[in-house]
Amino acid sequence: MAQKIVTIYTDDLTGEESHEASAHTLVLDGVAYEIDLAPESYDKLLEAVAPFISVGRRAKRRAKPAKPHTAGDSNDTAEIRAWAKEKGLTVNDRGRVPKKVREAYDAAH
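Here is the structure:
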């Protein structure tokens, strides 16, 4: 039996199909929202928040809750290695950072 899988991208604001729709993330009061918008709807969003952005300031990133690290997850690897060496933990210069080292780093941060 043959199958055909079709992905339809839809603008969340208009409900219309669009091959140009893409996901956008908004954060308000620490709550993140994701919305799929076509370029026209995204322009409307930017226009609506422009007065607030123009008088606002960039905030420092809030600490994110620790998430499990997965294979190939290279974010912060250099920082974790430096921290581990500073703390006297054994860590190689290349390859995977041991789970216990990552957990210790996450607990310290």
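Under the numbering used here, the first residue of the sequence shown is numbered 3, with each subsequent residue one higher.
Glycine included, every Cβ here is placed at the ideal spot set by N, Cα and C.
Original post:
Run through DSSP, which three-state label would D78 get?
Top reply: Residue state, collapsed to three classes: coil.
Original post:
Considering only C-alpha positions, which residue in the set S56, R96 and A86 is nearest to Y107?
Top reply: Selected option, being the one with the closest Cα: A86.
**OP:** Would you mind listing the alpha helix (DSSP H) stretches within the region 24-71 that are 4+ residues and don't spill past its ends, in chain order?
**Re:** Scanning the region 24-71 from its first residue to its last, the whole alpha helix (DSSP H) runs of 4-plus residues come out as 41-57.
Subject >> At least three beta-carbon pairs within less than 8 Å, the region 10-17 to the region 34-47 >> reply: Because the criterion of three Cβ pairs below 8 Å is met, the region 10-17 and the region 34-47 touch.
Original post:
What separation, rounded to the nearest whole angstrom, lies between the Cα atoms of S56 and K89?
Top reply: Going by the C-alpha atoms only, they are around 43 Å apart.
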